[in-house]
Amino acid sequence: MKLLECPMNGVRPLSEFLFGGEYREMPDPDGSDDYEWAGYVHYRDNAPGVKKEWWYHGPSGTWFIAERNTLTDEVLKTYLFGKDPSGKDQTGSKPNKNQTTGTEQSI
Amino acid sequence: MAYQLLKFALGREYKEPRFFRDCQTPKKSYDAVIIGGGGHGLAAAYYLAKDHGITNVAVLERGYIGGGNTGRNTTIVRSNYLTPDGVSFYDASVKLFEGLSTELDINLFYSNRGHFTLAHSESAMRTMRWRAEVNKHVGVKSRVVGTDEISRACPQLDISCSGKAPIQGALYHEPGSIARHDAVAWGYARGADSMGVEIFQNTEVQGIDVKDGRVQGVHTSRGYIATGKVLSAVAGFTPRVCKMVNLQTPIVIHPLQACVSEPMKPWLDTILVSGSLHVYVSQSSRGELVMGSSLDPYEVHSTRSTFDFVEGLTSHIVDMFPFLSNVKIVRQWAGMADITPDFAPIMGNTPVRGFYLDAGWGTWGFKATPISGKTMAYTMANDRPHELIHSFRMSRFEEYELTGEKGAASVGH
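Protein sequences, first through last, are from chains A and B.
Note that numbering that gives the first Met the number 0 gives residue 31 to position 32 of the first sequence, counting from 1, and the numbers run on in steps of one.
Note that numbering that gives the first Met the number 0 gives residue 143 to position 144 of the second sequence, counting from 1, and the numbers run on in steps of one.
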């Protein structure tokens, strides 16, 4: 069985987890028009590669971030949102103009 | 006869007629280039030549024709969808399928079986009634049936599903059929080739040349080809091809797995689907049970298989048919399904002039092969979308006009 490391509970079987989709920066809802908002909701690159994703550990109710290669299905690292061990907490592959640099992003 | 056989046996060469020419060197330019030599791409090439007289066309296939999702699906053809747009579209496809063996002069083993979508709960029954009414309204033969009729059609089925999920009724869809999927690709390839279309296998597209928002040509492993019209019909590779023209889509790739049992004498005449148990099963003309389940739960761009899938699927199959517990699974595989948020395809023009998209086919692509080919050929020839695919246009996402199709395979209700 495939395993995944939950940052709170350690290594667990994959069947305990749910996939939450690619992490994306939300534009300012008040400052963006319908077209921009549709882009945020729907449009994405989605070509294979290392992606930053939301995952959910069901039994403990923990949402966290996994960096995973979607071509080979290898998980590089998992951490709680805003707690990237490498310290650079940059978001997804496509930073947009609203991106802030710290960990105080609204989600 | 005996003499012919002897002569053939003693002969040194066993030449079979080729289905299509073995093209190796592309010309410098074509009127249209189709990326992807699966059923959809080859059908589009066929109808471009047949309906619109555009024969200066190249089909580029990275592997071999029909080796992608065309040869990986569970071969079911049906039109009992939920939205009127979806039902009309798939109904046109079923009608084309019914005459396709004759038109392409190839035996597609098209076998009309009848198709039961089993409902295990009151809410599922409600959806079945809804689908039946929409289908009848559009003129498609679907109706809600009780367990007695299901038992008559398939006496081997345990109506209580081993007590775990008792069946309440079903949506019965009379035109539901199965067909030999790779033959569809081969038939379209031969038809297109005979009208002048050139098919290049083992030919990878490495880039698409776009200038001033217009397609100029494609870079391939066999050199540069100039063209003003490119169709992408590459299913699970769509995000990679779209990246070449800087186009973002809502498509997410999930593997979809399937498997077959060892061959048995014919006993299962109908096609059975259960959304709640995530199972669809039919018996092929070779005697194998062809079985599929729901999508893998997360994005992966690969055709790897998993044990979890076989374990989950077979436990549900045994709930439905306890006597199958000793039957062996002989083969399993996966395809890359290009899933859209509203379970409908993305077809037609794109913001890049001359770049046409036939994508988002997720778990519902094989049954649409003829009609997608026909409508995409129309769209390319006239540079405007065919009316049947209007609601599948890509701009529906930014216009907030999603289709709400939930009749797709593997979609729970």
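Heads up, the beta-carbon is just placed ideally off N, CA and C, and yes, glycines get one too.
Same chain only: Cβ atoms within 8 Å of residue i, ignoring 5 sequence neighbours per side
i: G113(B); result: A152, Y171, H172, E173, G175, D268, T269, I270
i: E73(A); result: R67
Member of the options whose CA lies at the smallest distance from the CA of residue i
i: G403(B); options: R17(B), L81(B), T69(B); result: L81(B)
i: D181(B); options: S284(B), I207(B), G37(B); result: G37(B)
i: I316(B); options: V351(B), G274(B), T339(B); result: G274(B)
i: E298(B); options: P238(B), F306(B), K264(B); result: P238(B)
i: Y472(B); options: G145(B), H218(B), A42(B), D382(B); result: Outside the displayed span of chain B (0 to 412) sits residue 472(B), for which this structure offers no information.
i: G138(B); options: L255(B), N79(B), I328(B); result: N79(B)
i: A178(B); options: S394(B), R383(B), T368(B), H389(B); result: T368(B)
i: N201(B); options: G67(B), F365(B), R395(B), F7(B); result: G67(B)
i: Y89(B); options: L59(B), F320(B), I338(B), G364(B); result: G364(B)
i: H300(B); options: P254(B), M393(B), G10(B); result: P254(B)
i: S159(B); options: L117(B), L47(B), K135(B), V133(B); result: L117(B)
i: S122(B); options: N134(B), Q155(B), I166(B), G98(B); result: I166(B)
i: K82(A); options: D32(A), T69(A), W62(A), E35(A); result: W62(A)
i: A48(B); options: M393(B), G372(B), W185(B), R125(B); result: G372(B)
i: E203(B); options: I64(B), A164(B), G286(B); result: I64(B)
C-beta contact flag for residue i and residue j at 9 Å
i: A343(B); j: D84(B); result: yes
i: V93(B); j: R71(B); result: no
i: V56(B); j: D30(B); result: yes
i: A333(B); j: T362(B); result: no
i: G291(B); j: V309(B); result: no
i: T219(B); j: Q205(B); result: yes
i: F354(B); j: V183(B); result: no
i: F236(B); j: G35(B); result: yes
i: F18(A); j: H56(A); result: no
i: P26(A); j: Y39(A); result: yes
i: I252(B); j: E60(B); result: no
i: D337(B); j: I224(B); result: no
i: K327(B); j: E397(B); result: no
Endpoints, alpha helix (DSSP H) assigned at residue i
i: S122(B); result: 121–137
i: M379(B); result: 368–381
i: Y45(B); result: 38–51
i: V183(B); result: 180–193
i: S314(B); result: 306–319
Chain-order list of residues whose beta-carbon lies under 7 Å from that of residue i (same chain, five-residue window excluded)
i: S100(B); result: N106, L107, Y109
i: P16(B); result: none
i: V143(B); result: M127, R128, A131, G168, L170
i: L401(B); result: P340, D341, R395
i: L323(B); result: I316, V317
i: V244(B); result: I207, V209, V351, F354
i: P321(B); result: D157, S161
i: A44(B); result: I33, V56, V58, A191, V196
Contact list for residue i against chain B, beta-carbon separation under 7 Å
i: T69(A); result: E298, V299, H300
Under 8 Å by beta carbon: chain B residues contacting residue i
i: F18(A); result: P296, Y297, E298
i: D72(A); result: V299, S301, R303
8 Å Cβ cut-off: residues of chain A touching residue i
i: R61(B); result: The contacting residues do not exist; R61(B) stays about 15 Å from chain A at best.
i: R239(B); result: A46, P47
i: Y399(B); result: D33, A37
i: K26(B); result: The premise fails here: K26(B) is roughly 30 Å from chain A at the closest Cβ pair, so nothing lies under 8 Å.
i: K242(B); result: D44, A46
Opening and closing residue of the beta strand (DSSP E) in which residue i lies
i: D32(A); result: Counting along the chain, D32(A) falls outside any beta strand (DSSP E), and DSSP gives it neither H nor E.
i: A169(B); result: 168–172
i: N55(B); result: No beta strand (DSSP E) holds N55(B); DSSP gives it neither H nor E.
i: W332(B); result: 328–338
i: R395(B); result: Here R395(B) belongs to no beta strand (DSSP E), and DSSP marks it neither H nor E.
i: E52(A); result: 49–56
i: I198(B); result: 197–199
i: I149(B); result: Note, I149(B): premise wrong, no beta strand (DSSP E); alpha helix (DSSP H) at 146–152.
i: K76(A); result: 73–78
Sequence-distant residues of its chain with Cβ nearer than 6 Å to residue i (five each side left out)
i: R189(B); result: F18, F19
i: F80(A); result: I64
i: R11(A); result: C5
i: L356(B); result: S231, I345, T349
i: V289(B); result: T73, V259, S281, S283
i: Q104(A); result: Because Q104(A) sits at a pLDDT of 37, beneath the cut-off of 50, its placement in the model cannot be relied upon, and the point is left open.
i: S14(A); result: none
i: Y377(B); result: H385
i: K14(B); result: none
i: S409(B); result: At S409(B) the pLDDT is 47, less than 50, meaning the model places this residue with poor confidence and gives no usable figure here.
i: G347(B); result: T378, P384, I388, R392
Interface partners of residue i on chain A, CB under 9 Å
i: I252(B); result: N45, P47, T69
i: P350(B); result: Chain A residues near P350(B): none, gap ~11 Å exceeds 9 Å.
i: P249(B); result: V40, H41, Y42, R43, N45
Beta-carbon neighbours of residue i, restricted to chain A and to distances below 7 Å
i: E12(B); result: None at all; the shortest Cβ gap to chain A is about 43 Å.
i: P344(B); result: Residues of chain A passing the Cβ test: none, with the nearest at roughly 15 Å.
i: P340(B); result: H41
Interface flag, residue i vs chain D, CB-CB below 9 Å
i: R179(B); result: Among the chains of the structure shown, chain D does not appear; the protein chains present are A and B.
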